[in-house]
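Working notes, structure below.
There are 2 protein chains.
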Amino acid sequence: MGDVARHLGLSRSTVSFVINDRTDIRIAEETKRRVWEAVTELGYRPHAAARSLASSRTNLLGLVTDIASSPFGGGIITGAQRAAWEHGQVLLIVSIDSAASADAAMIEMLLEQRVEGLIYATAGHVAVSLPEAAAEVPVVLVHCEDVDGRYPSIIPDEEHGGYTATRRLIDGGHRRIGLINLDAPLPSAGRRSGYERALREAGIDVDPTLVVSGSADAGAGFELARQLLRFTDPPSALFCGTDRMAMGAFDAVREAGLRVRTDVAVVGYDDQEIVAAYLRPTLTTVALPFEEMGAAAVEALNGDIEGFDGSIVRGWLVERDSA
Amino acid sequence: MGDVARHLGLSRSTVSFVINDRTDIRIAEETKRRVWEAVTELGYRPHAAARSLASSRTNLLGLVTDIASSPFGGGIITGAQRAAWEHGQVLLIVSIDSAASADAAMIEMLLEQRVEGLIYATAGHVAVSLPEAAAEVPVVLVHCEDVDGRYPSIIPDEEHGGYTATRRLIDGGHRRIGLINLDAPLPSAGRRSGYERALREAGIDVDPTLVVSGSADAGAGFELARQLLRFTDPPSALFCGTDRMAMGAFDAVREAGLRVRTDVAVVGYDDQEIVAAYLRPTLTTVALPFEEMGAAAVEALNGDIEGFDGSIVRGWLVERDSA
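Chains as they are written, first to last, in my numbering: chain B, 46 to 368; chain S, 46 to 368.
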């Protein structure tokens, strides 16, 4: 700043007023123009730390997440980053190993950067407990729910997802539809009610023996599908709780000497592209609204955060070739 | 600081000296103890911005990457984050959409936070060009190479990976080994030389008709494997450039009425767990040293960065059931 002032023969404070865009002090437009020209020429960059002390605004949002290092849920980061950018804000991401590992130190270090809001996002739909320190700034959770109920959450509409997948199979003419649910409580309960609602609406009795559950991977999908396909009256369609479970179900269908779609229709959940788009046949599935949830969190922090109670965002069906 | 000073009847500067740990000024241990007690009691947190202006060190490292929102390469973030933490440094991650989209603004905003070093990491092994602004702080590239040759890179040893995979198949008794390479130039060239070196070492002639290449996905793997398996003298083993290509190759093997491993051994590349660990049979593959590369970047920034020319890190074979 001293360099610019000397270069132009202006006082240091005049230069400072221009650079900090002080609207309470009148400075000639010509002077402003000369200052900015000199600034560009001399390669001055406002020191974020100094500016933040002066203006009290940092335009920083913190994102604490286990997604950055995970193959799931990357859309949350994409959506949040874009929305922050549109608000002229910078998203500082801190990566944690798992949803359970949010220690106070991670939150503390973002608070020391004077983030003006905090987003806590998880790859899976889980319950979390945040360190006390988080309460110092507005907080929004994405894809997870606060066990203590203190913070608003943006979560996917699991019931609607379960309904959409099941309804797609009913529309395809199926009446015996197996549900291979994942055993994680938060996503599975909603998906099961959606499944049951779709069946009831179509006048189909819910047969609880057709509902099984296990871990979210292909191994569990294989075992559970195999189990259902061995019934004397097996299902003609399977709704699987994750695309990876559907990947395992494909193998069980083949092992039973049957063909996916022709003999057993399969719908997945997640739209995890490296699985869903490349299975043979490609997988019809329910997409989770990751980008939308990430963007919604940034919008919430920029809006009436006091009045924000959270929101439930709908995913959608991605039609491919398995149903 | 004023509150603490008033509370203890000390001068503001004494409190400041204690909090900023000024070793050039002697303060009684008893006074220091009282200050820290009061600080804890009154809930004071050093303002990172103020501290950084005072001390000129921020202990911040910036990571610009397309990995945070991608299903690949998450280990780089995990490794870098852990190493930064061990150095008492905070890793601020900025997510970009693709390796090609590192615009100057993203780099600028990290520089405004006064990061003391910059890591630029990509999900795929590619060539990149960094905005001019990056040159203001030490820079290390991970999993990518600077087209202008200005910055050191930490990259995987692709030649060694190709050698390891091929050698594994030779040790399994195979002599006609197909290479289904990916067409991205940086990783594929090294893998092919490793493949050829392993063959030559074993006294096997390199048959160029057994080397094909395509995009990194399962669709390309399927088509290319199908092509090789239709030869009158088909390969008995396939080394695939990605686990997803191997996933497609599995389907081509099955379509030809053959069995993976028993009839055609397959080795992949990447150790992308959601594919490799759940294919049927599970996939023997070469792991990329993602965590090691991420950690090495942080170590380089904390070491003799002027003398650092980059490094090449070896991956390893992950034995499963496909070869």
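We put the beta carbon where it would ideally sit given N, CA and C, even for glycine. In this text the structure is predicted, and so the values were computed from the model without any measurement.
Here the stretch 128 to 136 of chain B does not lie against the stretch 72 to 81 of chain B, with fewer than 3 beta-carbon pairs under 8 Å apart. Taking all protein chains in view, the Cβ of B:F117 is crowded by 16 or more other Cβ atoms within 10 Å, so the residue is classified as buried. In this structure B:A368 is in contact with B:G217, their Cβ atoms being roughly 6 Å apart against a cut-off of 8 Å.
Annotation for B:L156: the continuous alpha helix (DSSP H) segment containing it runs A149 to E157.
Chain B has a Cβ within less than 8 Å of the Cβ of S:G293. Here B:L175 is not near B:V185, since their CB atoms are 8 Å or more apart. Counting the other CB atoms within 10 Å of its CB gives B:F284 a total of 16 or more, which places it among the buried residues. 8 Å or more divides the Cβ of S:V311 from the Cβ of S:L362. Between the stretch 317 to 324 of chain B and the stretch 277 to 291 of chain B there are three or more inter-stretch CB-CB distances shorter than 8 Å, so the stretches are counted as touching.
Using a Cβ-Cβ cut-off of 8 Å, B:A342 is close to nothing in chain S; its nearest Cβ partner there is about 14 Å away.
Distances from the CA of S:A178 to each of S:L163, S:R221 and S:P197 were compared; the closest alpha carbon is that of S:L163.
Taking the CA atoms as reference points, B:R271 sits about 5 Å from B:A297.
At a cut-off of 8 Å between C-beta atoms, S:P116 counts as an interface residue with respect to chain B.
Within the same chain, and ignoring the five residues on either side of S:T110 in sequence, the residues whose Cβ sits closer than 6 Å to its Cβ are A166. In the three-state reduction of the DSSP assignment, B:H205 falls in the helix class, which pools H, G and I. Judged by beta-carbon spacing, B:T329 lies within the 8 Å limit of B:R365, meaning their Cβ atoms are closer than that value. Three or more Cβ pairs closer than 8 Å define a contact, and the stretch 343 to 363 of chain S meets that threshold against the stretch 183 to 202 of chain S. Looking at the backbone, the Cα of B:G169 and that of B:G348 are separated by about 26 Å. For the C-beta of S:I138, the chain B residues within less than 8 Å are, from N- to C-terminus, A113, L137, I138, V139 and S140. Distances from the CA of B:L105 to each of B:V139, B:E86 and B:I112 were compared; the closest alpha carbon is that of B:V139. Rounded to whole angstroms, the Cβ separation of B:G124 and B:E344 is 10 Å, and the two are not in contact under 8 Å. Within chain S, the residues whose beta carbon sits less than 8 Å from that of B:V320 are I319 and V320, listed in sequence order.
Annotated as proximal: S:V309 and S:A282, with beta-carbon spacing under 8 Å. If you look at B:F353, you'll find it isn't in any beta strand (DSSP E); DSSP assigns it neither H nor E. For the pair B:V173 and S:S258, the Cα-to-Cα distance works out to about 45 Å. If you draw a straight line from the Cα of S:L346 to the Cα of S:A247, it is about 41 Å long. Spatial neighbours of B:T209 in its own chain (CB-CB distance under 7 Å, excluding positions within 5 residues in sequence) are listed in chain order as V331 and L362.
Around S:T123, the beta-carbon contacts reaching into chain B at under 9 Å are A113, S114, S140 and D142. B:T59 sits close to B:T76, with the two beta carbons spaced by under 8 Å.
Here B:N65 carries a coil assignment [DSSP, helix/strand/coil]. Distance from the CA atom of B:F62 to the CA atom of S:G107, rounded to whole angstroms, is 30 Å. At a C-beta separation below 8 Å, S:G119 has these neighbours in chain B: A113, S114, S115 and P116.
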